[in-house]
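**Student:**
Number of protein chains: 2
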Amino acid sequence: MTARKISGGARAEGTGQGGAKSVSAKDVAALAGVSRAAVSRTFTPGASVSAETRRKVLEAADALGYQVNHLARGLTRQQTGIVALIVAQLATPYRSAMVQALTGKLQAAGKVAMIINTDQEEATVELALRQALRYRADAAVILSGMPDRSIADLCHRNGQRLVLINRDDSLPGSIQLRVNDAQAARMALLAFLRAGCRRLAVATSCDDTPSLLARERSFLEEARTLGLDVQCERFGATGYASGLALGERLLVRPERPDAVFCTTDLIACGVMDAARQRFGLSIPADLSVIGFDDIPQAGWEAYQLTTFTQPIEETAAAAVDWIARGENGDVPCRVDLTATMRWRRSVRAGQVGAETAAAS
Amino acid sequence: MTARKISGGARAEGTGQGGAKSVSAKDVAALAGVSRAAVSRTFTPGASVSAETRRKVLEAADALGYQVNHLARGLTRQQTGIVALIVAQLATPYRSAMVQALTGKLQAAGKVAMIINTDQEEATVELALRQALRYRADAAVILSGMPDRSIADLCHRNGQRLVLINRDDSLPGSIQLRVNDAQAARMALLAFLRAGCRRLAVATSCDDTPSLLARERSFLEEARTLGLDVQCERFGATGYASGLALGERLLVRPERPDAVFCTTDLIACGVMDAARQRFGLSIPADLSVIGFDDIPQAGWEAYQLTTFTQPIEETAAAAVDWIARGENGDVPCRVDLTATMRWRRSVRAGQVGAETAAAS
DNA sequence: TGAAAGTTTGCACAGCCGTGCAAGCGGGAG
DNA sequence: CTCCCGCTTGCACGGCTGTGCAAACTTTCA
Numbered sequence: 001m002t003a004r005k006i007s008g009g010a011r012a013e014g015t016g017q018g019g020a021k022s023v024s025a026k027d028v029a030a031l032a033g034v035s036r037a038a039v040s041r042t043f044t045p046g047a048s049v050s051a052e053t054r055r056k057v058l059e060a061a062d063a064l065g066y067q068v069n070h071l072a073r074g075l076t077r078q079q080t081g082i083v084a085l086i087v088a089q090l091a092t093p094y095r096s097a098m099v100q101a102l103t104g105k106l107q108a109a110g111k112v113a114m115i116i117n118t119d120q121e122e123a124t125v126e127l128a129l130r131q132a133l134r135y136r137a138d139a140a141v142i143l144s145g146m147p148d149r150s151i152a153d154l155c156h157r158n159g160q161r162l163v164l165i166n167r168d169d170s171l172p173g174s175i176q177l178r179v180n181d182a183q184a185a186r187m188a189l190l191a192f193l194r195a196g197c198r199r200l201a202v203a204t205s206c207d208d209t210p211s212l213l214a215r216e217r218s219f220l221e222e223a224r225t226l227g228l229d230v231q232c233e234r235f236g237a238t239g240y241a242s243g244l245a246l247g248e249r250l251l252v253r254p255e256r257p258d259a260v261f262c263t264t265d266l267i268a269c270g271v272m273d274a275a276r277q278r279f280g281l282s283i284p285a286d287l288s289v290i291g292f293d294d295i296p297q298a299g300w301e302a303y304q305l306t307t308f309t310q311p312i313e314e315t316a317a318a319a320v321d322w323i324a325r326g327e328n329g330d331v332p333c334r335v336d337l338t339a340t341m342r343w344r345r346s347v348r349a350g351q352v353g354a355e356t357a358a359a360s
Numbered sequence: 361m362t363a364r365k366i367s368g369g370a371r372a373e374g375t376g377q378g379g380a381k382s383v384s385a386k387d388v389a390a391l392a393g394v395s396r397a398a399v400s401r402t403f404t405p406g407a408s409v410s411a412e413t414r415r416k417v418l419e420a421a422d423a424l425g426y427q428v429n430h431l432a433r434g435l436t437r438q439q440t441g442i443v444a445l446i447v448a449q450l451a452t453p454y455r456s457a458m459v460q461a462l463t464g465k466l467q468a469a470g471k472v473a474m475i476i477n478t479d480q481e482e483a484t485v486e487l488a489l490r491q492a493l494r495y496r497a498d499a500a501v502i503l504s505g506m507p508d509r510s511i512a513d514l515c516h517r518n519g520q521r522l523v524l525i526n527r528d529d530s531l532p533g534s535i536q537l538r539v540n541d542a543q544a545a546r547m548a549l550l551a552f553l554r555a556g557c558r559r560l561a562v563a564t565s566c567d568d569t570p571s572l573l574a575r576e577r578s579f580l581e582e583a584r585t586l587g588l589d590v591q592c593e594r595f596g597a598t599g600y601a602s603g604l605a606l607g608e609r610l611l612v613r614p615e616r617p618d619a620v621f622c623t624t625d626l627i628a629c630g631v632m633d634a635a636r637q638r639f640g641l642s643i644p645a646d647l648s649v650i651g652f653d654d655i656p657q658a659g660w661e662a663y664q665l666t667t668f669t670q671p672i673e674e675t676a677a678a679a680v681d682w683i684a685r686g687e688n689g690d691v692p693c694r695v696d697l698t699a700t701m702r703w704r705r706s707v708r709a710g711q712v713g714a715e716t717a718a719a720s
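Quick mapping for you: the protein sequence lines, in order, are chains S and W.
Using this note's numbering, the letters of the first sequence map in sequence onto residues 1 to 360.
Using this note's numbering, the letters of the second sequence map in sequence onto residues 361 to 720.
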């Protein structure tokens, strides 16, 4: 296209007209009257510089507003300090909380987070990883979707490490962080039974993310093991609106459920609202509900939803720790984390007698 | 510290042991049997390469999984394609929605978003901008906090453009995006009056962000102009919990308000829950509430909150458009956007007679 | 005072890319 | 056959940093 010729000569004092070149170590060296290497060493911890030179350099750097160029530094070093977060549907309570935790901890570890959004259609996880590769990210954290084996291999060959959060497959040279979805789902079932509920149901979305599937399947399987029947309804995308629709579909049935396990808190909120507003039911007297994620809204007065708390901080900490540690090679690593049950008031107190938890 | 010597020689075929150098244009050139310049030109639109050479290069690049290094490219070009988003409290409905919109549109414009989190204490906006500078971001979008003039000047000198979203001050060489907070607050007041409410109140947090202050002040001033008294309560951080506390404080007063303008939807939800659960009030019969932001929860069945819809898409579009346009110089630019009223069911229908909006 | 040891500094190169410039190559016209 | 023109291609440089190596300088010790 347009040639965009860069005038190498005149480094005028006036604030830049267009390109506005940023100040480099050469500029600082010139002003301080030292070599460029001296500037570089001043900003390299452990390098040998005399106090006098250091002072001159820092003074000049301050006057010019110099900041070391991490991009150029990333060329020689094998690290850029960039970590890509690949995520869809960021504006969701759980996702945004996870991203907040990750960015915070990454910063504390001296890294910086780059967000790659896969909301648009198509084969976007692959595109996202290629983008991460182009910026030579030290690692990529995958929160949504799952890369093909071939793409993962491409990352591996280019020295980009992968963090898989609640993804199914294991990949070489990557760490896999998983939450105990299956066990939690079984706990939910037990909680319902202990509360005396018998007409059980599951409400979930049509999104086939590994976590949602695991929660649904475990609940169903455990029920079948115990010889119980469970009504399962699946609808739409993961979110409040789908929860509303799911509630209507379930509660209109002849054998109306008295307990619904929702694979997500957002769905649970929708189900609760449907039960109350459209069917005049009261919770937990007429209907017990359990969700998953423990998003902020689950604790709101209007819901007081019993759910499972995602170990967001621990997950983020484990991910960042593994990224910062750097060293390890090809062996895939796996970390299991536990979502703990959070009792609130959306499950009715046990009728059978025995241990009814959490009165307050 | 440790010397980290990089062995320049052996480029072994085996998957890397530690550093795992990523594949460069030189590698592709070697495999394709052409010069490195040919590789570069193949990936530069509009450059002159023969079909045959291009084919060989693309083949080799594909075999090796080559991706152009945007960091190195950023050295020669004056653009890195990186845009820094400086934000605190990302895990909040409004903020995360804004970040989602920004990242999506940035990507569509061929840029990439870098998140810099200012949740930690201290003078972090300055630190965040310095970090953005170190990565030679083309622009920085400031969603939280306000940089000192001196820091803004530093960015300006280094050719980093600034986007201020709902910030007070105007700065040279930056664009300022503002929403009509003041006008909206006046509309809220009028809506209350038209509904027949007379005991007005404002609930806000102690955070002194420009938007919140503008909403509060405009409401109060307009009321004073009309000779009306308004009870104003201020408490805690911006969020649901503060809303709950604010509701309790306001509703326990001798002259109990019959209308509360909340500077944020999260606060509004808290106030509504306090009114219902702790005081047994019904909304809007006993209490009318108006919020701000139109977060997803405002549309939930349990709230049906009348509020003001933030022009998130328009804001993000305007920001990205300005960033992508690039060209313009020192003249500060300002764009005004309008938050439009979203009628739901948290304001009682007018009693006076005349124009009562939104029946359904 | 002279030599040895230690510190500091500059040079030059590597890391990766884009691109101006000139040389090479092929083809068409006279 | 020769000349000219257009397209390709390689060389070399610039952009910014970190760092090994050797030279210069300072300090210490005999």
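For each residue, glycine too, the CB sits at the ideal point set by N, CA and C.
In this text, all values refer to a predicted model and were calculated from it rather than measured experimentally.
Using the three-state DSSP reduction, which class does W:S395 fall into: helix, strand or coil?
**Tutor:** Translated into positions along the second sequence, residue 395 of chain W becomes position 35. If DSSP states are grouped into helix, strand and coil, W:S395 belongs with coil.
**Student:** Mapping DSSP to helix, strand and coil, what is W:C515?
**Tutor:** Stepping through the second sequence from its first residue, residue 515 of chain W is reached at position 155. Residue state, collapsed to three classes: helix.
**Student:** Excluding the five sequence neighbours on either side, which residues of its own chain have a C-beta within less than 6 Å of the C-beta of W:P644, listed in chain order?
**Tutor:** Along the second sequence, one-based indexing puts residue 644 of chain W at 284. Closer than 6 Å at the Cβ level, and outside the excluded window around W:P644, lie S706, V707 and R708.
**Student:** Is the beta carbon of S:N117 sitting closer than 8 Å to the one on W:Q460?
**Tutor:** Taking the first residue of the first sequence as 1, we reach residue 117 of chain S at position 117. Taking the first residue of the second sequence as 1, we reach residue 460 of chain W at position 100. Yes, the pair counts as a contact, with Cβ atoms nearer than the cut-off.
**Student:** Counting only Cβ-Cβ distances shorter than 8 Å, please list the residues of the segment 647-674 of chain W near chain S, keeping chain order.
**Tutor:** P656, Q657, W660, E661, A662 and Y663
**Student:** May I have the straight-line CA-CA distance separating W:A583 from W:N540, to the nearest angstrom?
**Tutor:** Numbered from its first residue, the second sequence carries residue 583 of chain W at position 223. Numbered from its first residue, the second sequence carries residue 540 of chain W at position 180. Straight-line Cα distance between these residues: approximately 18 Å.
**Student:** Going by the CB atoms, is the gap between S:V320 and S:L106 shorter than 8 Å?
**Tutor:** Position 106 of the first sequence, counted from the first residue, corresponds to residue 106 of chain S. Position 320 of the first sequence, counted from the first residue, corresponds to residue 320 of chain S. Yes, they are a contact pair.
**Student:** Return the bridge partner residues of S:I290 from the DSSP annotation.
**Tutor:** As a working mapping, residue 290 of chain S is identified with position 290 in the first sequence. S:F261 and S:T306, per the DSSP bridge assignment.
**Student:** Does W:E593 come out as helix, strand or coil in the three-state DSSP assignment?
**Tutor:** In the second sequence, counting from the first residue as 1, residue 593 of chain W sits at position 233. In the three-state reduction of the DSSP assignment, W:E593 falls in the strand class, which pools E and B.
**Student:** For S:T238, which option in S:V260, S:D229, S:C206 and S:A38 has the closest C-alpha, if you only look at C-alpha atoms?
**Tutor:** Walking along the first sequence from the start, residue 238 of chain S turns up at place 238. Nearest of S:V260, S:D229, S:C206 and S:A38 to S:T238, Cα basis: S:C206.
**Student:** Mind checking which residues open and close the beta strand (DSSP E) that includes W:Q480?
**Tutor:** On the second sequence, residue 480 of chain W is found 120 positions in, with the first residue counted as 1. It is not in any beta strand (DSSP E) - W:Q480 carries neither H nor E in the DSSP assignment.
**Student:** Which residues of chain W have a Cβ atom closer than 9 Å to the Cβ of S:V163, listed in chain order?
**Tutor:** In the first sequence, counting from the first residue as 1, residue 163 of chain S sits at position 163. By Cβ distance, chain W contributes nothing, its closest Cβ being about 16 Å from S:V163, past 9 Å.
**Student:** Per the contact definition of three or more C-beta pairs closer than 8 Å, is the segment 608-616 of chain W in contact with the segment 629-646 of chain W?
**Tutor:** Yes: the two stretches touch, three or more of their Cβ pairs being nearer than 8 Å.
**Student:** Taking Cβ-Cβ distances below 9 Å as the criterion, which residues of the segment 165-177 of chain S are in contact with chain W?
**Tutor:** P172 and G173
**Student:** Counting only runs that start and end within the segment 187-225 of chain S, where is the beta strand (DSSP E) found for 3 or more residues in a row?
**Tutor:** The segment 187-225 of chain S contains these whole beta strand (DSSP E) runs: 200-204.
**Student:** Quick check on the burial criterion: 16 or more other C-beta atoms within 10 angstroms. Buried or exposed for W:Q657?
**Tutor:** Here residue 657 of chain W refers to the residue found at position 297 when the second sequence is read from its first residue. With 16 or more other Cβ atoms within 10 Å, it is buried.
**Student:** What are the start and end residues of each continuous beta strand (DSSP E) run of 3 or more residues lying completely inside the segment 408-487 of chain W, in chain order?
**Tutor:** 442-447 and 472-477
**Student:** For the alpha helix (DSSP H) containing W:R705, name the first residue and the last one.
**Tutor:** In the second sequence, residue 705 of chain W corresponds to position 345, counting from 1. Segment: none, W:R705 is in no alpha helix (DSSP H) and carries neither H nor E.
**Student:** So, under 8 Å CB-CB, W:A561 and W:P614 are touching, yes? Tell me the CB distance rounded to an integer number of Å.
**Tutor:** For this step, residue 561 of chain W is matched to residue 201 along the second sequence. For this step, residue 614 of chain W is matched to residue 254 along the second sequence. 13 Å between Cβ atoms; not a contact.
**Student:** Thinking W:S648 and W:G630 are a contact (beta carbons under 8 Å), I'd like their distance in whole angstroms, please.
**Tutor:** Residue 648 of chain W sits at position 288 when you count from the first residue of the second sequence. Residue 630 of chain W sits at position 270 when you count from the first residue of the second sequence. Not confirmed; about 16 Å, so no contact.
**Student:** Could you give the DSSP three-state label for W:D696: helix, strand or coil?
**Tutor:** The count along the second sequence starts at 1 and reaches residue 696 of chain W at position 336. Three-state result, W:D696: strand.
**Student:** Give the residues from the segment 106-120 of chain S that approach chain W closer than 8 Å (Cβ to any Cβ), ordered along the chain.
**Tutor:** Result list: Q107, A108, V112, A113, M114, I115, I116, N117, D119 and Q120.
**Student:** Using a Cβ cut-off of 9 Å, pull out every chain W residue sitting near S:A275, in sequence order please.
**Tutor:** Counting from one through the first sequence, the residue named residue 275 of chain S turns up at place 275. Under the 9 Å cutoff, chain W gives no residues; its nearest Cβ is about 10 Å from S:A275.
**Student:** When we look at the beta-carbon of W:A497 and count the other beta-carbons within 10 Å, is it buried (16 or more) or exposed?
**Tutor:** Within the second sequence, residue 497 of chain W is the residue found at index 137, counting from 1. Label assigned to W:A497: buried.
**Student:** Below 8 Å between beta carbons is the criterion; list the residues of the segment 230-254 of chain S that meet it against any residue of chain W, in chain order.
**Tutor:** For the segment 230-254 of chain S, residues whose beta-carbon sits nearer than 8 Å to a beta-carbon of chain W comprise Y240 and L244.
**Student:** Roughly how many angstroms lie between the CA atoms of S:T103 and S:R186, to the nearest whole one?
**Tutor:** Within the first sequence, numbered from 1, the residue matching residue 103 of chain S stands at position 103. Within the first sequence, numbered from 1, the residue matching residue 186 of chain S stands at position 186. In a straight line, the C-alpha of S:T103 is about 33 Å away from that of S:R186.
**Student:** Classify W:M701 as helix, strand or coil using the three-state DSSP reduction.
**Tutor:** For this step, residue 701 of chain W is matched to residue 341 along the second sequence. The answer is strand: DSSP assigns W:M701 an E or B state.
**Student:** Is S:V289 near the ligand ZN, in the sense that its beta carbon is under 7 Å from a heavy atom of that ligand?
**Tutor:** No copy of the ligand ZN occurs in the structure displayed, which carries no ligand at all.
**Student:** In this structure, how does DSSP classify W:A605 when only helix, strand and coil are distinguished?
**Tutor:** As a working mapping, residue 605 of chain W is identified with position 245 in the second sequence. Looking at W:A605 - three-state DSSP - the assignment turns out to be helix.
**Student:** Over the uninterrupted beta strand (DSSP E) stretch that includes S:R161, give me the two end residues.
**Tutor:** Here the question's residue 161 of chain S lines up with position 161 in the first sequence. Secondary structure note for S:R161: its beta strand (DSSP E) is the uninterrupted segment R161 to I165.
**Student:** DSSP state of S:L251, grouped into three classes?
**Tutor:** Counting from 1 along the first sequence, the entry for residue 251 of chain S is found at position 251. The answer is helix: DSSP assigns S:L251 an H, G or I state.
**Student:** Where do the N-terminal and C-terminal ends of the alpha helix (DSSP H) with W:R685 fall, by residue?
**Tutor:** Here the question's residue 685 of chain W lines up with position 325 in the second sequence. W:R685 -> alpha helix (DSSP H) spans I672 to R685.
**Student:** Would W:I446 and W:S410 qualify as a contact pair, given that the criterion is a beta-carbon distance under 8 Å?
**Tutor:** Reading the second sequence from its first residue, position 86 is the one you call residue 446 of chain W. Reading the second sequence from its first residue, position 50 is the one you call residue 410 of chain W. Contact check for W:I446 against W:S410 fails: the beta carbons are separated by 8 Å or more.
**Student:** Using Cβ-Cβ distances below 7 Å, what residues of the segment 423-440 of chain W are close to chain S?
**Tutor:** Those residues of the segment 423-440 of chain W that come within reach of chain S (Cβ to Cβ, closer than 7 Å) are G425, Q427, V428, N429, H430, L431, A432, G434, L435, Q438 and T440.
**Student:** Report the three-state DSSP secondary structure of S:L177 (helix, strand or coil).
**Tutor:** On the first sequence, residue 177 of chain S is found 177 positions in, with the first residue counted as 1. In this structure, S:L177 counts as strand in the three-state DSSP scheme.
**Student:** Find the residues of chain W that neighbour S:A97, judging by a C-beta separation of less than 7 Å, and give them in chain order.
**Tutor:** Your numbering for residue 97 of chain S matches position 97 in the first sequence. Within 7 Å Cβ-Cβ: A451.
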